[in-house]
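See below for the structure under consideration.
Protein chains: 2
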Amino acid sequence: MGREKTYRTRQREDILRFFESRPGQMFSAGDLIASRELKVGKATVYRSLSRLTQEGRLSRFIPGPGSAALYQYNREKPGDAHRCRLACVKCGGTEDMYCSFMGEIERHMKGDHGFLVDKEKTVIYGLCKSCK
Amino acid sequence: MGREKTYRTRQREDILRFFESRPGQMFSAGDLIASRELKVGKATVYRSLSRLTQEGRLSRFIPGPGSAALYQYNREKPGDAHRCRLACVKCGGTEDMYCSFMGEIERHMKGDHGFLVDKEKTVIYGLCKSCK
DNA sequence: TTCAATGCAAAGCTTTTGCATAAAG
DNA sequence: CTTTATGCAAAAGCTTTGCATTGAA
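Residue numbers (my numbering), protein chains in the order written: chain E, 1 to 132; chain Z, 1 to 132.
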């Protein structure tokens with residue numbers, strides 16, 4: 001049913017390293033395709049980005065309709081259990097918040113609203129420190 | 001510089017009423033275009049949706065890359081100050097949560113992280129009561 | 001009478017897909 | 001040797017834009 005085997009290819013590795021070496025920065029599929037540093041076909045870029053995203057190695061953001069999706073490296077930190085992503089609606093930047101308060105939120109949502117929060121997908125929008 | 005005048009047209013009114021009469025439901029531009037109930041050109045549908053969204057009458061959501069943006073009527077409620085949107089990653093449904101706990105979140109984000117939450121844009125993803 | 005708004009079709013972009021070929025294991 | 005992954009080009013969507021025309025005030 002699912003994927004039988006998984007081959008490790010140069011292309012996918014290169015793409016992951018590209019993001020890995022630029023933590024905190026966001027790139028679109030088009031950015032990678034245009035990059036002279038990467039030698040990867042267009043279709044493969046899209047396929048790799050989808051795959052890396054669903055494997056949890058990258059995070060995907062969609063700025064607006066008609067605009068390209070942006071991807072960012074997901075570094076794994078010990079505090080992941082209480083991580084949440086914040087995105088600034090003005091500068092477009094994102095940052096990870098590591099705070100035990102996330103536990104409070106999860107507990108409240110589950111207890112009072114029967115809602116199981118998915119911290120991977122949730123993004124809190126607002127104005128960051130600099131833009132405020 | 002900005003918009004000089006604003007004309008009130010049948011088309012835009014019809015679109016707003018369409019959403020107004022279906023609170024809580026989400027529709028894409030394509031849905032409206034296909035709807036036999038609305039007689040509005042494609043370009044006008046897109047222009048109206050953009051405008052109504054930026055006027056705050058509708059909210060826009062983008063399910064994923066390559067997929068159409070979804071719009072939903074924004075009814076103004078007294079409890080809006082503490083509203084937050086929840087979206088289920090399994091069934092795709094959304095619901096508004098009205099809870100004073102939102103105040104706690106805002107206070108914490110601002111106080112401890114210098115982040116001003118935008119409740120209009122923020123969506124908390126997870127599993128809803130039924131899908132959990 | 002003005003000038004914003006509409007409608008149509010064309011154009012623009014991002015993303016997906018089909019299929020032969022290349023490469024991993 | 002078998003099966004997955006790549007690459008190219010074509011196709012598919014969704015959204016935007018140009019321009020003549022309509023219609024609101």
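We treat Cβ as the ideally placed atom computed from N, Cα and C, and that holds for glycine. Please read all numbers here as calculations on a predicted model, not as lab measurements.
Opposing strand residues paired with residue i [DSSP bridges]
i        : result
Z/Phe27  : Z/Tyr71
Z/Glu95  : Z/Leu86
Z/Ile124 : Z/Leu86
Z/Leu32  : Answer is none; Z/Leu32 lacks a bridge partner.
Whether residue i touches residue j by CB criterion (8 Å)
i        : j        : result
E/Asp118 : Z/Tyr46  : no
Z/Leu70  : Z/Cys128 : no
E/Gln11  : E/Thr44  : yes
E/Pro65  : Z/Ile33  : no
E/Ala29  : E/Leu49  : yes
E/Pro23  : E/Arg107 : no
E/Asp14  : E/Leu38  : yes
N- and C-terminal bounds of the alpha helix (DSSP H) containing residue i
i        : result
E/Arg17  : Arg10 to Glu20
Z/Thr44  : Lys42 to Gln54
Z/Asp112 : Phe101 to His113
Host beta strand (DSSP E) of residue i (start-end)
i       : result
E/Leu38 : Taken as a continuous stretch (DSSP letters only), E/Leu38 belongs to no beta strand (DSSP E), as it is neither H nor E.
E/Ser59 : Leu58 to Phe61
Close Cβ partners of residue i (< 8 Å) along its chain, the five nearest in sequence each way excluded
i        : result
E/Gln54  : none
Z/Arg36  : none
Z/Pro78  : Summary for Z/Pro78: the model assigns pLDDT 49, below 50, so the residue's position carries little reliability; its value from the coordinates is reported in the next sentence. Once the five neighbours on either side are set aside, Z/Pro78 has no close Cβ partner at all.
Z/Asp31  : none
E/Met109 : Phe115, Leu116 and Val117
Z/Met26  : Phe61, Leu70, Tyr71, Gln72 and Thr94
Z/Thr6   : none
Nonlocal neighbours in the same chain, by C-beta distance under 6 Å from residue i, ignoring five residues either side
i        : result
E/Met102 : His82 and Cys84
E/Glu120 : none
E/Thr122 : none
Z/Val40  : Gln11
E/Lys42  : Ile33
Z/Gly111 : none
Near the ligand COA: residue i beta-carbon under 7 Å from a heavy atom
i        : result
Z/Phe115 : This structure simply doesn't include the ligand COA, nor any ligand for that matter.
Residues near residue i by beta carbon distance below 7 Å, same chain, minus five either side
i        : result
Z/Val89  : Tyr125, Gly126 and Leu127
Z/Ile105 : Val117
Worksheet item: Should the segment 103-123 of chain Z be regarded as contacting the segment 86-104 of chain E, the criterion being three or more beta carbon pairs within less than 8 Å?
Response: Counting C-beta pairs closer than 8 Å gives three or more between the segment 103-123 of chain Z and the segment 86-104 of chain E, which meets the contact rule.
Item to complete: Inspect the CB distances between the segment 49-58 of chain E and the segment 10-20 of chain E and report whether three or more fall short of 8 Å.
Response: The segment 49-58 of chain E, when compared against the segment 10-20 of chain E, does touch it at the 8 Å Cβ threshold.
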